[in-house]
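Report on the following structure.
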Amino acid sequence: MVVLNFIINNILTQAAVVIGLIACLGLALQKKSAGTVASGTLKTMLGFLVLSAGSSVIQSSLTFFGTAFNAAFHMKEGAVVASIEAINGQAMSDLGLGGEIAITLAGIFVVNVILARVTKFKYIFLTGQALLWEATLCVVFAWFTGLRGPMLIIIGSIVGGIFATLMPALAQPIVRQITGTDDIALGHLCTVGYIVSALVAKVTGDKSKSAEDIQLPKSLEFLQDTYLSVMVVMIPFYLITAAFAGAEACAPFCGNTNHIVYAFLQALQFVTGLYVLMAGVRMLLAEIVPAFQGISMKLVPNSRPALDCPVLFPYAPNSVILGFVFTTIGSLIGMLISPMFGAFVIPGVMSNFFAGGTAGIFANQMGGRRGVVTGCIAHGIFIMILPAMLSPMLAQIGFVNVTCTDVDTIITGFFFMLIKSVVGLF
Amino acid sequence: MFFFGKKKAAADKGKEETAPKVDKEELLKKASELIQKLDTAQDKKEKTALLNEIGSCYFQAEEREQAIHYYEMSLEEDKQLGKAYTDLLKLYNQKRQEAAEAKDDEKMKEYMDKVQNLMQMSKDVLRGKI
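Just so you know, the protein sequences line up as chains S and L, in that order. At position 71 of the first sequence the residue is numbered 71 (our numbering), and the sequence of numbers has no breaks. Start counting at 1 in the second sequence, then tack on 426, and there's your number in our numbering.
Rendered as structure tokens:
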């Protein structure tokens, strides 16, 4: 009894251990050798600890940024950086929900498989990172509604599994037109944004004039390095904010160091934290995701794999480039109006590339190149307003100066808030 | 009249059965001819175009292993986001599905990894890394 209590109170409460056990289970189910199970389990635990280290670096940088922003612009809504990675990091480490998120991730796979087997929606969601973000939002908002323990995990898994199955189904009518086949689906949790882009493009565009008929550069070389691209956005924001805030407001953080120099270094710290966090995420998912993907595909062999958004890029590469450009324009407009919706939101460059690029493909399919322009500007505004609306709730939960990017995960949050409101009526 | 109708239907069915076989033979013949031309290709562009055409012939003839082989050679030669990519995606998915039905874990992982590599390639091409 003493031993059992020790295990429950000292070992199973440790998120790193719970996450390691999930990986261990996945590897054992695949009948891997003892050595592979042991090394995979330890690497997954290491991944979680690396993720936590990255998260604390990001949080320290964002704390400085938030304080400087408030001093500089006196905006009661405050500023938030759109980064689903930072949301995941803070949720897993600072909010202590790492174990619940890992178990819910496995639970989402299970629910997805069940729904794919018993319903007509035969989609298996294969994008591991997207499911980790979804598991994070499900757990965070289930926790916010008051759920705890096994019930939190069960409800989080069911809601996450429903989104993982239905979002590819929502996109499929247009994906089918883009690819000319029904064999593959889209597994990227920004689907609602793509539908918005497609609808605006359909109404305002001209499908007969495709973006693929024009000559454009074949690539966006300035996006070669992810972290350089993030730096290009964060450094100006940090510097401008510090300049407006002044030395006195920044002094509690920078001491004798010049506040502009300190702000520059803090912008680099943000990127450093992101780099470390993402290394941790990749290590964490490297063992868990292939294990559950393999099991899922075997249990529903006639399913359609729902794959990450780059799977669509080759079908309309010009639309990807234009989609990024016009989503960025839209997101800058959205940034300026975002305080009216809850917070000043700083856009994420990589989100604009992947989500914006994919929105461009959807918009081109429905409304040609004119549709790409109008649909993606609307998409850019949409993907800034929704995070702004969620920000006050995220701040209430305990997140520091950060909001989500992927709009389907934001809608998951709204879904839980709706349920909480409805239950509250009784 | 009843019997005429049946004979006509049988004749039509016969025609339908022979038509695809002729097309497949033609496609395979064309693929063989194009393979002969590979050694005489002037440059990378011509070689890639030939490899894509050979892959396409085998793809339409439903010779999946050969189609995969030549399309993969095409992408080795020149990483482009074109028909080789989109047809390979379909082929890998079909092979993955077969492996899942046969409960062949190794083959399933092999083809899932190939799909992941294709997606990484599309990201790299659009970000100018290739």
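Cβ atoms here follow ideal geometry from the backbone N, Cα and C, with glycine treated the same way. Predicted, not measured: the structure shown is a model, and the values here were computed from it.
- Query: Which residues in the same chain have their Cβ closer than 7 angstroms to the Cβ of S61(S), if we skip the five residues on either side of it in sequence?
  - Reply: Along the first sequence, one-based indexing puts residue 61(S) at 61. Taking C-beta separations shorter than 7 angstroms and ignoring five residues to either side along the sequence, the partners of S61(S) in its chain run Q266, Q269, F270, G273, following chain order.
- Message: Does chain L have any CB closer than 9 angstroms to the CB of D213(S)?
- Response: Taking the first sequence and counting its residues from 1, the one referred to as residue 213(S) is at position 213. False, the Cβ-Cβ gap to chain L never drops below 9 angstroms.
- Within chain S, the residues that E527(L) reaches when beta carbons sit closer than 7 angstroms: Translated into the one-based positions of the second sequence, residue 527(L) becomes position 101. Per Cβ cutoff of 7 angstroms: P301.
- Looking at the unbroken beta strand (DSSP E) that takes in P317(S), where does it start and where does it end? Numbered from its first residue, the first sequence carries residue 317(S) at position 317. No beta strand (DSSP E) contains P317(S), which is instead part of the alpha helix (DSSP H) from 317-337.
- Per DSSP, F344(S) is paired with what? Your numbering for residue 344(S) matches position 344 in the first sequence. DSSP lists A79(S) as partners of F344(S).
- Residue-chain proximity (M499(L), chain S), Cβ-Cβ < 9 angstroms: Counting from 1 along the second sequence, the entry for residue 499(L) is found at position 73. It does not: the Cβ of M499(L) has no partner Cβ on chain S nearer than 9 angstroms.
- Item | Candidates P387(S), N302(S), N112(S), L42(S): closest to S331(S) by CA position | Position 331 of the first sequence, counted from the start, is the residue given in the question as residue 331(S). Nearest option by C-alpha distance: P387(S).
- Task: Report the residues of the segment 314-327 of chain S with a CB closer than 7 angstroms to any CB of chain L, ordered along the chain.
- Result: Taking a C-beta cut-off of 7 angstroms against chain L, the contacting residues of the segment 314-327 of chain S are P314, Y315, P317, V320, listed in chain order.
- Message: At the 9 angstroms Cβ level, is I184(S) part of the contact set with chain L, yes or no?
- Response: As a first step, residue 184(S) must be located in the first sequence, where it is residue number 184. Taking Cβ atoms only, chain L reaches closer than 9 angstroms to I184(S), which makes this a yes.
- Task: Assign P252(S) to one of two classes, buried (16 or more other C-beta atoms within 10 Å of its C-beta) or exposed (fewer than that).
- Result: Residue numbering aside, residue 252(S) sits at position 252 when the first sequence is read from its first letter. With fewer than 16 other Cβ atoms inside 10 Å of its own Cβ, P252(S) counts as exposed.
- Query: Residues in its own chain within less than 6 angstroms of L514(L) by CB, not counting five upstream and five downstream?
  - Reply: Indexing the second sequence from 1 puts residue 514(L) at position 88. These residues qualify, in order along the chain: Y497.
- Run of the alpha helix (DSSP H) containing P392(S), from where it starts to where it stops: Reading the first sequence from its first residue, position 392 is the one you call residue 392(S). Bounds of the alpha helix (DSSP H) holding P392(S) are 349-397.
- Candidates I346(S), F109(S), A34(S): which alpha carbon is nearest G128(S)'s? Against the first sequence, residue 128(S) aligns to sequence position 128. Measuring from the Cα of G128(S), the nearest candidate turns out to be F109(S).
- Simplified DSSP assignment, three categories, for V402(S): The residue you call residue 402(S) lines up with position 402 of the first sequence. Looking at V402(S) - three-state DSSP - the assignment turns out to be strand.
- Contact between the segment 313-333 of chain S and the segment 358-372 of chain S (3+ Cβ pairs under 8 angstroms): Result yes; three or more Cβ-Cβ pairs closer than 8 angstroms.
- Under 7 angstroms between beta-carbons, which chain S residues line up against R553(L)? List them in chain order, please. For the purposes of this step, residue 553(L) is taken as the residue at position 127 of the second sequence. Near R553(L) (Cβ distances below 7 angstroms), the residues of chain S are S219, L220, L223, Q224.
- Message: Let me confirm a value: H74(S) is counted as buried when at least 16 other C-beta atoms fall within 10 Å, else exposed. Which label applies?
- Response: Reading the first sequence from its first residue, position 74 is the one you call residue 74(S). Its Cβ having fewer than 16 others within 10 Å, H74(S) is exposed.
- Item | G40(S) and E287(S) closer than 9 angstroms at C-beta | Your numbering for residue 40(S) matches position 40 in the first sequence. Your numbering for residue 287(S) matches position 287 in the first sequence. E287(S) sits close to G40(S), with the two beta carbons spaced by under 9 angstroms.
- Query: Once you ignore the five residues that flank K540(L) on each side, which residues in its own chain have a CB closer than 6 angstroms to its CB?
  - Reply: Numbered from 1 along the second sequence, position 114 holds the residue referred to as residue 540(L). Counting only Cβ-Cβ distances below 6 angstroms, and skipping sequence neighbours, we find Y518.
- Query: Sorted by chain position, which residues of the same chain lie with C-beta nearer than 8 angstroms to T412(S)'s C-beta, five sequence neighbours on each side aside?
  - Reply: What you label residue 412(S) is simply residue 412 of the first sequence in a count that begins at 1. Only E134, L137, C138, F141, V159, G160, F163 meet the Cβ criterion.
- Message: Output needed in chain order: residues of the segment 177-203 of chain S with a Cβ under 9 angstroms from some Cβ in chain L.
- Response: Within the segment 177-203 of chain S, contact with chain L at the beta-carbon level (separation under 9 angstroms) is assigned to T179, G180, T181, D183, I184.
- For P168(S), name the three-state secondary structure that DSSP assigns. Taking the first sequence and counting its residues from 1, one reaches residue 168(S) at position 168. In the structure shown, P168(S) falls within a helical segment according to DSSP collapsed to helix, strand and coil.
- Residue closest to L454(L), alpha-carbon to alpha-carbon, out of I480(L), D465(L), Q468(L): To locate residue 454(L), count along the second sequence from 1; it is residue 28. For the options I480(L), D465(L), Q468(L), the alpha carbon positioned closest to that of L454(L) is the one of I480(L).
- Item | Contact check, I84(S) vs L284(S), beta carbons under 9 angstroms | Within the first sequence, numbered from 1, the residue matching residue 84(S) stands at position 84. Within the first sequence, numbered from 1, the residue matching residue 284(S) stands at position 284. Between I84(S) and L284(S), the C-beta spacing is not below 9 angstroms.
- Indicate whether the contact test is met: 3 or more Cβ pairs, each with one atom in the segment 304-318 of chain S and one in the segment 175-185 of chain S, closer than 8 angstroms. Flag = yes, the segment 304-318 of chain S and the segment 175-185 of chain S touch.
- Query: What is the rounded straight-line gap between the Cα of V300(S) and the Cα of L4(S)?
  - Reply: By 1-based counting over the first sequence, the position of residue 300(S) is 300. By 1-based counting over the first sequence, the position of residue 4(S) is 4. Rounded to whole angstroms, V300(S) to L4(S) spans 38 angstroms at the Cα level.
- Query: For P305(S), which residues in chain L fall below 7 angstroms Cβ to Cβ?
  - Reply: Stepping through the first sequence from its first residue, residue 305(S) is reached at position 305. The answer, in chain order, is N519.
- Query: DSSP state of I411(S), grouped into three classes?
  - Reply: As a working note, residue 411(S) is residue 411 in the first sequence. I411(S): helix per DSSP, three-state reduction.
- Which class does A306(S) belong to by DSSP, given the choice of helix, strand or coil? Locating residue 306(S) in the first sequence gives position 306, where the first residue counts as 1. If DSSP states are grouped into helix, strand and coil, A306(S) belongs with the strands.
- Item | Against chain S: residues of the segment 541-552 of chain L by CB proximity under 8 angstroms | Taken in chain order, the members of the segment 541-552 of chain L whose beta-carbon sits within less than 8 angstroms of a beta-carbon on chain S are V541, L544, M545, Q546, S548, K549, V551, L552.
- How many angstroms separate the CA atom of A38(S) from the CA atom of M234(S)? In the first sequence, the residue the question calls residue 38(S) occupies position 38. In the first sequence, the residue the question calls residue 234(S) occupies position 234. Near 40 angstroms, if we compare the C-alpha coordinates of M234(S) and A38(S).
- Task: Using the DSSP secondary-structure output, state which residues sit across from I124(S) in a beta bridge.
- Result: In the first sequence, the residue the question calls residue 124(S) occupies position 124. Partner(s): P305(S).
- Message: I'd like the ranges of any alpha helix (DSSP H) spanning at least 4 consecutive residues and lying wholly in the segment 214-276 of chain S.
- Response: Runs of alpha helix (DSSP H) with 4 or more residues, each lying fully within the segment 214-276 of chain S, are found at 226-245, 247-254, listed in chain order.
- Using a Cβ-Cβ cut-off of less than 8 angstroms, list which residues of the segment 260-294 of chain S approach chain L; keep chain order. So the list reads P290, Q293, G294, given in the order they occur along the chain.
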